[in-house]
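Novice: First the structure, then my questions, so here it is.
There are 4 protein chains.
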Amino acid sequence: MIKVGIVGGTGYTGVELLRLLASHDEAQVVAITSRGENGRRVDNLFPNLRGYYDLAFSDPDIETLSACDVVFFATPHNVAMRMAPELLAAGCRVIDLSADYRLRDHERWSQWYGEPHASPETLAEAVYGLPEFNRHEVAKARLVACPGCYPTAIQLGFMPLLKAGLVDADHLIASAASAVSGAGRQAKIDNLLPEVSDSFKAYGVSGHRHLPELEQGLGDIAGAPVHMTFVPHMLPMIRGIHATLFARLSEPTTDVQALFEDFYANEPFVDVLPAGQYPQTRTVRGANRCQIAVEVPQGRDTVVVMATEDNLVKGASGQAIQNMNILFGLPETLGLVQLGLLP
Amino acid sequence: MIKVGIVGGTGYTGVELLRLLASHDEAQVVAITSRGENGRRVDNLFPNLRGYYDLAFSDPDIETLSACDVVFFATPHNVAMRMAPELLAAGCRVIDLSADYRLRDHERWSQWYGEPHASPETLAEAVYGLPEFNRHEVAKARLVACPGCYPTAIQLGFMPLLKAGLVDADHLIASAASAVSGAGRQAKIDNLLPEVSDSFKAYGVSGHRHLPELEQGLGDIAGAPVHMTFVPHMLPMIRGIHATLFARLSEPTTDVQALFEDFYANEPFVDVLPAGQYPQTRTVRGANRCQIAVEVPQGRDTVVVMATEDNLVKGASGQAIQNMNILFGLPETLGLVQLGLLP
Amino acid sequence: MIKVGIVGGTGYTGVELLRLLASHDEAQVVAITSRGENGRRVDNLFPNLRGYYDLAFSDPDIETLSACDVVFFATPHNVAMRMAPELLAAGCRVIDLSADYRLRDHERWSQWYGEPHASPETLAEAVYGLPEFNRHEVAKARLVACPGCYPTAIQLGFMPLLKAGLVDADHLIASAASAVSGAGRQAKIDNLLPEVSDSFKAYGVSGHRHLPELEQGLGDIAGAPVHMTFVPHMLPMIRGIHATLFARLSEPTTDVQALFEDFYANEPFVDVLPAGQYPQTRTVRGANRCQIAVEVPQGRDTVVVMATEDNLVKGASGQAIQNMNILFGLPETLGLVQLGLLP
Amino acid sequence: MIKVGIVGGTGYTGVELLRLLASHDEAQVVAITSRGENGRRVDNLFPNLRGYYDLAFSDPDIETLSACDVVFFATPHNVAMRMAPELLAAGCRVIDLSADYRLRDHERWSQWYGEPHASPETLAEAVYGLPEFNRHEVAKARLVACPGCYPTAIQLGFMPLLKAGLVDADHLIASAASAVSGAGRQAKIDNLLPEVSDSFKAYGVSGHRHLPELEQGLGDIAGAPVHMTFVPHMLPMIRGIHATLFARLSEPTTDVQALFEDFYANEPFVDVLPAGQYPQTRTVRGANRCQIAVEVPQGRDTVVVMATEDNLVKGASGQAIQNMNILFGLPETLGLVQLGLLP
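Heads up: the protein sequence lines correspond to chains Z, C, E and L, in order.
Quick note on numbering: the first sequence equals residues 1 to 343 in UniProt numbering.
Quick note on numbering: the second sequence equals residues 1 to 343 in UniProt numbering.
Quick note on numbering: the third sequence equals residues 1 to 343 in UniProt numbering.
Quick note on numbering: the fourth sequence equals residues 1 to 343 in UniProt numbering.
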């Protein structure tokens, strides 16, 4: 059994790791940390876990965590980059769900996050954990930087087109929308139900922190620099991301449906829908799955891709476990066969 | 492997049976019927099932269904009572999620449902499937009438008090609230999102069809006639039932917390919360579980019980599978270990 | 024109006062305070007000406020009781939407609010502002304590029965539910959309701060002590309160429908629905109106009353303006004719 | 007083006309039709109207309607085009909220709506009622075709850019999202709360009926043909439209903020937000207002416009009344000063 530690267990990606790992046959959570809830039983804070975990939150402590085979950081940015080096030195593997190791360039990181990177020397060995792009790299890693929730859906959506060199990579457009859980379990007026329910808005239009990650990742996929206009929106709902992607086709006559179906034919967690059917966030609710559709409206020269995922699963904790499975040589789907909860 | 047939597969309890049975090790769905969607793949209608079922809807046909070991009726009332006798004669077991076999008295049934009962002679062998009350009866049954969604939560909530003879059974009060999926997947203006979202209302106050079922079931539990005032409400949400129950205590000094904890100590699917913690529908979302709290406000003589469940799981399809497990001598929890999806 | 000051303008009752007063012909908001948002334009924080107010938040300052004819406190408790005496001394009228002056007995107040009352000597002149019960007292007041949101609906629902002496006042039951805006515009994890959306729960069952207010107010109505079991619930929605009330009838044969219709025949803001029609919170969304239905299920001896209101309007800011109209001898309905926003 | 008739009063645009006209000083609703609800009081179906209307639905009858000064069609398409000619002949003015008269070319109409146009000869005198574009034409009209909900927001969002010739009009992109009330008050499984709540999806990507209207309208604005990729989405909420618009700037250095502010400086119902502030659908809930923001992310060459409106007000009934005011020479804002309901 893989001994698992989780840093930052009181957030949404933390409780989601617990939910998913409860049915994972080869992993067991042995430590879960929280400064604020130190000593409180996890099933007292999250009663959905009652009967599944006999565990309490503890203070984040390098010694305890070092005894784990793998440590997940389910924290806001600025935590993993302080603790990871020591854990790696102690022989742990680290899977970071936060933004700390997503950008290769620490100056770019500083520019977007407004503070110096705390362990720039560790950045070099961080592997970006988008398995559908680079699972072979992940398999050899000690430190995995899980992609952001938006970047997962957007990269999976653009990947077949960019790999095939079919679109103008200089003017990619992503109009994406996330449920509120993407903003984390933090006390903010902006995310109170009366502020965001029954409403919709764009945010971060002038520059969202996922933009540099997107341009880096899509550039890696394309093998050349790309430029994107990225407009995120806030959805009045709990879970789910939907990305609507636009690009100019260089060869409008391409059968994009076949392209996508072939590209993802062997991927267990990417599901290209039949022509004419569009994804809904609800059909992947709670599942580690990205569902995708592609369309060329009116047969013109603009291709539209729609990609959905559960931001807490394929967009975060599920993908993190997928990376863990790869790291430890387990079947990639182990513990990740939950079906979407519909309705 | 138990061969399973499902009649009425396009409704919410139908798709929920499919979701849950996909991870059941001893059962396989071999037939699922729908007149309206005959020939359509189930995963085309319900894309959360893609990759889990290679099955299409078929016309309801006694011959096909007869080849099953067990047939679930996930239909509105008035279907099971027409088909069950023939299936039973063919050796099938029948688990009815509808109201057709819930009332022992066919005249009372007719009075509340506004038409004659189609197979009153079969009523005698129907067993009411509330395992926490009568699992030994269920184990011997061929025909199980699964309780309604409200009656499940309300009976589980009142059971310890009634069994202990602690409350005035002549004036029970249930103020309960259900999510909209309880109204079924049927085209009705009343259940459109703009009609029920961001709103709350009572309905059926003068007499809801679950009232006779409740008074019959609670009477069986109490061993004497009971009378209840039952006010159901419609919640602006997808899944979940919450029942708030009130009764006059005959012995106000009783330790009701201990009473409930002891009563349900060995029940896998009924979870009495620690004193002071109240249930939320979201902590049982997608789980076959009823979470209960009990309180005597201000130490007076009125006891308040709060009971929550997912109306589609413990209130319907999960409980139906729990009954199937009992019928076939399997562990009662088989295939029913999904954790609640929180948030 | 009445010069209006508002203390605590960044909360939900504050912005609702602004919305409603924007179309009031005889009142003008001249000062609105907020320590945190001092200097910020109100229409920057609340863009629905753009074009209607040329006003910025200022620090709460007795001098400025003293120049107003009336000052509304749209604050949490513990603010009005510190500032009201000075404003009253300066000749202002004070309308307090918070809990500070609702209980006549300052010791009882301290017991429920966990601190001493700051101006117990002022309590004696506070008038409880439920116009349908005591508008003549309000007309003569200098200091009005507006009822809580739950107490407004619950008292209006029970009033006809208590005045007629028709129910057992020793065992009143109120199962009520409020939208999340009732919890205020404050940064709390518990009220984030992912915590409360698509879910339902009871809270404060062992004792909610509205209980002593309810027992005091209902006792005044009944002319004798009453006892209530009060269970509030949290609804996954923005606005609205629904109270479901239960009581034992002493004379079950009474025509309660006629009783309610007669009782409220001349009330502009209480609307008794025709027999058989039940209220929904959405039909009073944004309107200063309480809609009520009454039913005696199965013709037994328990009466059920359903009462709805918008917690921010008839449950707070609308009623406060109604009180202002009475205080200043204006028509009670002035500025309060907004229709409910349906859907 | 203008005598108003409404055809199709049971839908969402019908009840919204009634809500808004209740506070219109110069208009009075004298007839409202519905085949299905003939004889039922409007306030029985829509209890938010209790006390404001003493009116019942009647059968649509040319004679009664002909006695009106103006008749609104709040119907699905295919009704107005059959009745309008006769009403016009009788001297009525007609304001059509449906799609029947929006396309000038009846063959194009047939192609998108799948049936012949019933009164192609009347199309020539229909005026497209987007007042901010052509209020002078509207003032002279007898028959006004109100824009669709999406086209209103999208045209207002693109108008300043197209008028200034600043964008590549051959590759406009609109990623827009509508609340469910946009789909009408019709019994459809697809719009049940459990189908659309807590979820998000695109629809009509291959071709939505608003596309030809958009290309016609935007072409009129630009004075040359335009091409648009239009992706509508369904939001899990009651009211509101948000359009996110993308276009390639021909002169990236333009001060688009100033352009928009100047363009709409004198428009009462179009509100350009200050730089850096983005619109939310909730701030225009219930108000006849379009709020707009514009941004050029990262200073590159793609401009992003965000435009919000309440789909039932500025996107339908409010704009229809605005057109009525223009038709009858009244102040354009009469009866349309409702503030947005926030929260």
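C-beta: ideal position from N, C-alpha, C; glycine also.
Computed from a predicted model, the values in this text were never measured in an experiment.
If you draw a straight line from the C-alpha of C/Thr333 to the C-alpha of Z/Tyr52, how long is it?
Specialist: Computed Cα separation, rounded: 14 Å.
Novice: List the residues that DSSP assigns as beta-bridge partners of E/Lys3.
Specialist: E/Lys3 pairs with E/Gln28.
Novice: Can the beta-carbon of C/Gly14 be found less than 8 Å from the beta-carbon of C/Gly5?
Specialist: No, Cβ-Cβ distance for C/Gly14 and C/Gly5 is not below 8 Å.
Novice: With 8 Å set as the bound, which would you pick, yes or no: does the beta-carbon of L/Ser197 sit closer than that to a beta-carbon of chain C?
Specialist: It does; some Cβ of chain C falls within 8 Å.
Novice: Please list, in chain order, the residues of the segment 171-184 of chain E that have any C-beta partner in chain Z closer than 7 Å.
Specialist: Answer set for the segment 171-184 of chain E: Val180 and Ser181.
Novice: With 16 other CB atoms within 10 Å as the buried threshold, where does L/Glu40 fall?
Specialist: The displayed chain sequence assigns Arg, not Glu, to residue 40 of chain L. Classification of L/Arg40: exposed, given that the 10 Å Cβ count is below 16.
Novice: Answer with buried or exposed for E/Asn38, where buried requires no fewer than 16 other C-beta atoms within 10 angstroms of its C-beta.
Specialist: Classification of E/Asn38: exposed, given that the 10 Å Cβ count is below 16.
Novice: Is the Cβ-Cβ distance between L/Arg248 and L/His171 less than 8 Å?
Specialist: A contact, by the Cβ cut-off of 8 Å.
Novice: On the three-pair Cβ rule with 8 Å, is the segment 207-219 of chain E touching the segment 101-116 of chain E?
Specialist: A contact exists between the segment 207-219 of chain E and the segment 101-116 of chain E.
Novice: Go through its chain and collect everything with a Cβ distance to C/Val293's Cβ below 6 Å, but skip five positions before and after it.
Specialist: The question names Val, yet the displayed sequence has Ala at residue 293 of chain C. Excluding sequence neighbours, C/Ala293 sits near Leu273, Tyr278, Pro279 and Met306.
Novice: Is it the case that the Cβ atoms of C/Phe246 and C/Val304 are separated by a distance below 8 Å?
Specialist: Taking 8 Å as the Cβ cut-off, C/Phe246 and C/Val304 qualify as a contacting pair.
Novice: Among C/Val256, C/Ala177, C/Gly182 and C/Ser178, which one has its Cα closest to the Cα of C/Ala164?
Specialist: Of the listed residues, the one whose Cα sits closest to C/Ala164 is C/Val256.
Novice: Would you say E/Val305 reaches chain L, if we count a Cβ-Cβ gap shorter than 8 Å as a contact?
Specialist: Answer no: the Cβ-Cβ gap between E/Val305 and chain L never drops below 8 Å.
Novice: Compute the Euclidean distance between the alpha carbons of C/Val138 and Z/Gly340, then round it to the nearest angstrom.
Specialist: Rounded to the nearest angstrom, the two C-alpha atoms are 31 Å apart.
Novice: Could you please tell me which residues of the segment 215-236 of chain C, in chain order, have their CB closer than 8 Å to any CB of chain E?
Specialist: Correct list: His227, Thr229, Phe230, Val231, His233, Leu235 and Pro236.
Novice: In angstroms, rounded to a whole number, what distance separates the CA positions of C/Ala265 and L/Phe200?
Specialist: Straight-line Cα distance between these residues: approximately 41 Å.
Novice: Following the continuous alpha helix (DSSP H) through E/Pro85, name the residue where it begins and the one where it ends.
Specialist: Its alpha helix (DSSP H) spans residues Ala80 to Ala89.
Novice: For E/Glu121, tell me which candidate among E/Ala153, E/Trp112 and E/Pro85 has the shortest Cα-Cα distance.
Specialist: The option with the nearest alpha carbon to E/Glu121 is E/Pro85.
Novice: If we ignore side chains and look at the alpha-carbon of each, how far apart do Z/Gly184 and Z/Gly11 end up?
Specialist: Taking the straight line joining both Cα atoms gives about 6 Å.
Novice: Please classify E/Met234: is it buried, with 16 or more other beta-carbons within 10 angstroms of its beta-carbon, or exposed?
Specialist: It is buried - the Cβ of E/Met234 has at least 16 other Cβ atoms within 10 Å.
Novice: Which chain C residues are close to E/Gln338, counting only those with a beta carbon under 9 Å from its beta carbon?
Specialist: Chain C residues near E/Gln338: none, gap ~17 Å exceeds 9 Å.
Novice: I'd like to know whether the C-beta atoms of E/Glu26 and E/Leu330 end up nearer to each other than 8 Å.
Specialist: Taking 8 Å as the Cβ cut-off, E/Glu26 and E/Leu330 qualify as a contacting pair.
Novice: Leaving aside the five residues before and after E/Asp69 along the sequence, list all residues of the same chain whose C-beta is less than 6 Å from its C-beta, in chain order.
Specialist: Counting only Cβ-Cβ distances below 6 Å, and skipping sequence neighbours, we find Ile2 and Lys3.
Novice: What are the complete alpha helix (DSSP H) segments, minimum 4 residues, inside the segment 256-336 of chain E?
Specialist: Fully enclosed alpha helix (DSSP H) runs of 4 or longer: 256-263 and 318-327.
Novice: Taking the alpha-carbon positions, what's the C/Thr253 to C/Gln298 distance?
Specialist: If you take the alpha carbons of C/Thr253 and C/Gln298, they lie about 12 Å apart.
Novice: On the three-pair Cβ rule with 8 Å, is the segment 220-229 of chain Z touching the segment 186-196 of chain L?
Specialist: They do not touch, by the three-pair rule.
Novice: Please report the residue range of the alpha helix (DSSP H) in which C/His210 lies.
Specialist: Looking at the DSSP string, the run of the alpha helix (DSSP H) that includes C/His210 is His210 to Ala222.
Novice: Rounding to the nearest angstrom, what Cα-Cα distance links Z/Leu17 and Z/Ser23 in this structure?
Specialist: If I take the Cα positions, the gap works out to 10 Å.
Novice: When DSSP labels each residue in this structure, what does E/Tyr53 get in the three-state scheme?
Specialist: It is coil, neither helix nor strand.
Novice: Give me the residue from Z/Gln216, Z/Ile241, Z/Ala89 and Z/Gly114 with the minimum Cα distance to Z/His77.
Specialist: Nearest C-alpha to Z/His77: Z/Gly114.
Novice: Between the segment 142-156 of chain E and the segment 142-161 of chain Z, do at least 3 Cβ pairs fall closer than 8 Å?
Specialist: No, they do not touch.
Novice: Compare the C-alpha of L/Ala89 against each of L/Ala80, L/Ser206, L/Ala243 and L/Ser66 and name the closest.
Specialist: The candidate whose alpha carbon is nearest that of L/Ala89 is L/Ser66.
Novice: Quick one: what does DSSP say residue 350 of chain Z is sitting in, helix, strand or coil?
Specialist: An answer regarding residue 350 of chain Z cannot be provided, because it is not within the stretch 1 to 343 covered by chain Z.
Novice: Between the alpha carbons of L/Glu177 and E/Phe263, how many angstroms are there, rounded?
Specialist: Note that residue 177 of chain L is Ala in the sequence shown here, rather than Glu. Roughly 47 Å between the two C-alpha positions.
Novice: Using the Cβ count rule (16 or more neighbours within 10 Å means buried), how would you classify L/Lys140?
Specialist: So L/Lys140 counts as exposed.
Novice: For Z/Val71, which residues of its own chain have a beta-carbon under 7 Å away from its beta-carbon, when the five flanking residues on both sides are left out?
Specialist: Result list for Z/Val71: Gly5, Val7, Leu65, Leu87, Cys92 and Val94, in chain order.
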